[in-house]
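Down below is the structure, laid out as C-alpha cells.
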Amino acid sequence: MRVAHASEFFRKLVKPTVNSTMNRLLRFDGRVVVVTGAGGGLGKAYALLFADRGASVVVNDLGGTAQGDGRSQMAADSVVDEILKKGGKAVPNYDSVTEGEKIIETAVKKFGRIDILVNNAGILRDRSFVKMTQQDWDIINQVHVVGSFKTSKAAWDHFRKQNYGRIINTSSVAGLLGNFGQANYSAAKSGLVGLSNTLAKEGARYNIHTNTIVPMAGSRLTENILPPELHDALKPELIAPVVAWLCHEDCDENGVVIEAAAGFAAKYQWQRAGGAILRSSLNESVTVESVRDKWSEIIDLSTNADYPTAPEEAMGKLMDALRIQQKGL
Ligand code: NAD
Numbered sequence: 001m002r003v004a005h006a007s008e009f010f011r012k013l014v015k016p017t018v019n020s021t022m023n024r025l026l027r028f029d030g031r032v033v034v035v036t037g038a039g040g041g042l043g044k045a046y047a048l049l050f051a052d053r054g055a056s057v058v059v060n061d062l063g064g065t066a067q068g069d070g071r072s073q074m075a076a077d078s079v080v081d082e083i084l085k086k087g088g089k090a091v092p093n094y095d096s097v098t099e100g101e102k103i104i105e106t107a108v109k110k111f112g113r114i115d116i117l118v119n120n121a122g123i124l125r126d127r128s129f130v131k132m133t134q135q136d137w138d139i140i141n142q143v144h145v146v147g148s149f150k151t152s153k154a155a156w157d158h159f160r161k162q163n164y165g166r167i168i169n170t171s172s173v174a175g176l177l178g179n180f181g182q183a184n185y186s187a188a189k190s191g192l193v194g195l196s197n198t199l200a201k202e203g204a205r206y207n208i209h210t211n212t213i214v215p216m217a218g219s220r221l222t223e224n225i226l227p228p229e230l231h232d233a234l235k236p237e238l239i240a241p242v243v244a245w246l247c248h249e250d251c252d253e254n255g256v257v258i259e260a261a262a263g264f265a266a267k268y269q270w271q272r273a274g275g276a277i278l279r280s281s282l283n284e285s286v287t288v289e290s291v292r293d294k295w296s297e298i299i300d301l302s303t304n305a306d307y308p309t310a311p312e313e314a315m316g317k318l319m320d321a322l323r324i325q326q327k328g329l
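Okay, so the sequence shown: first residue is 1 according to the UniProt record's numbering, each after it adds one.
Below you can see the structure in the form of C-alpha cells.
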C-alpha cells in the first residue's frame with residue numbers, strides 16, 4: 001500500500017494534473033482574431049499574446065500619429081514580422097477602422113473566418129472644452145465609436161452564422177468618470193460602453209459575447225501624461241491576459257466592464273441609490289420642494305442601493321414606487 005501511495009504521489013508531481021480544467025493552458029488554436037490598432041501599445045501586446053497561444057491574427061494598424069495624422073505600413077508590418085519570426089500566424093491590414101469592413105474582409109480572405117474582434121485602435125485630440133473644435137470632436141468619434149461600429153457590424157453576420165463570437169470594446173476611465181480636456185474622448189469612450197452593453201444583449205442568444213476593457217498603460221498616448229516611472233511600470237503586457245481571458249471560449253462573461261492595469265483587474269458597474277418617493281399618493285404632484293426635501297435620500301448610496309444591468313431590472317423599482325403611491329404612503 002505504501003509503495004502504491006508513493007508512486008501515485010510522484011506521478012502527480014511529475015505530471016501535475018495537466019488535464020484538470022484549472023491547470024489547462026488557455027489556447028486559441030483554430031481561432032481567427034482581429035486586433036485593431038495592433039501596430040503598437042496595447043494592441044501589439046494583445047496580438048502577440050493571441051498569436052503565442054495559437055490564434056491566427058490580423059494585425060490592423062493605420063500607422064498614423066497619436067493625433068490621427070498620416071499613415072504608414074511599418075507599424076502593422078513590424079508586429080506581423082515579430083509574430084512570424086516566433087512561428088506564429090499573422091497578416092497585416094493597413095485600413096482605417098472607419099472602413100472596418102475591409103479589416104474583417106482581410107480575416108475572412110486570409111484565414112477563412114473571424115472569431116474574435118478586439119476594437120482597440122485609438123487616438124487623442126485633448127483640449128479643454130472651450131478650445132475644442134468640431135474637427136476634434138468628429139475625428140475622435142469617427143475613430144473610436146464609428147470605427148468600433150464598422151468592424152463589429154462587419155463581423156456580426158459571421159458570428160451569428162457560426163454561433164460564436166467575441167468582441168472587446170475599449171473604454172477608458174475618462175469615459176466612465178470624465179477627465180479635464182477630454183470631452184470628445186470621454187463621450188466616445190462612454191459611448192462604447194453603451195454599444196458593448198447592447199451588443200451583449202443582442203448577441204447572447206448567438207453565443208456572441210461583448211465586453212469592455214478599461215485599460216491604463218504606458219504607451220505613446222500616455223507618454224506625456226504619466227510620470228516616466230509609472231509609464232514604464234504600467235506595461236501593456238499586464239492587460240493582454242485579461243483581454244485574452246474575456247475572449248476565450250471558456251469565459252462566460254458577457255456585458256461586463258473590466259478595468260485592468262498594473263497587474264490588477266476589477267469589474268465596474270452602475271449603482272443606483274435606494275432613492276426616495278417624492279409624493280405620498282398618485283393624486284399629488286411632485287414639487288420642486290419635495291425634490292429638495294428628499295435630496296439626501298435621492299443621492300444616498302449607502303442604503304438599499306442596487307445594481308441593475310438591464311432596463312427590465314431597472315423598471316422593477318419604478319413599478320414598486322408606483323404601487324406604493326397607489327396604496328398611499
Ligand atoms: P497607441 O497609440 O500605442 O496605439 C493605438 C494604435 O491605434 C496606434 O498604433 C495607431 O496607429 C492605431 N490607430 C489609430 N487610429 C487608427 C485607425 N483609424 N485605424 C486603425 N488603426 C488606428 O495607444 P494605446 O495606449 O495602446 O491605446 C489603445 C487603446 O486603448 C485606445 O483605444 C485608447 O484610447 C485606449 N486606452 C488607452 C489607455 C492607456 O493608458 N494607454 C487608457 C485608456 C484607454
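We treat Cβ as the ideally placed atom computed from N, Cα and C, and that holds for glycine.
Since the model is a prediction, treat every value here as computed from it, not as a measurement.
- Ser190 sits in a helix when the DSSP states are folded into three classes.
- With a threshold of 8 Å, the Cβ atom of Ala310 does not count as near the ligand NAD, since no heavy atom of the ligand is closer than that.
- Counting along the chain, no beta strand (DSSP E) covers Pro241; the unbroken alpha helix (DSSP H) around it starts and ends at 240-247.
- Nearest C-alpha to Gly274 among Thr133, Gly30, Gly316, Ile258: Gly316.
- With a cutoff of 9 Å on beta-carbon distance, Ser285 and Arg279 are scored as near each other.
- DSSP places Tyr46 inside the alpha helix (DSSP H), whose first and last residues are 41-52.
- Between Thr36 and Asn119 the beta-carbon gap is near 6 Å, inside 8 Å, which marks them as a contact.
- Ala90: member of the beta strand (DSSP E) spanning 89-93, first to last residue.
- The alpha-carbon separation between Glu253 and Val288 amounts to approximately 42 Å.
- Between the ligand NAD and the CB of Tyr185, the shortest heavy atom gap is smaller than 8 Å.
- Not one heavy atom of the ligand NAD sits closer than 8 Å to the Cβ of Ala55.
- Not one heavy atom of the ligand NAD falls within 8 Å of the beta-carbon of Val80.
- About 15 Å separates the Cβ atoms of Ala76 and Ala45, ruling out a contact at the 8 Å cut-off.
- Residue state for Asp138 is assigned as helix, using DSSP reduced to three classes.
- 9 Å or more divides the Cβ of Ile83 from the Cβ of His158.
- In terms of CA proximity to Asn207, Asp115 leads the group Thr151, Asp115, Ala107.
- Pairwise C-beta distances place the stretch 243-263 out of contact with the stretch 300-308, as fewer than three of them are shorter than 8 Å.
- Taking C-beta atoms under 8 Å as the contact rule, Ser148 and Leu192 qualify, at a distance of about 6 Å.
- The beta carbon of Gly122 sits closer than 8 Å to the beta carbons of Gly37, Val143, His144, Thr170, Leu221 from its chain, once the five residues preceding and following it are set aside; these are given in chain order.
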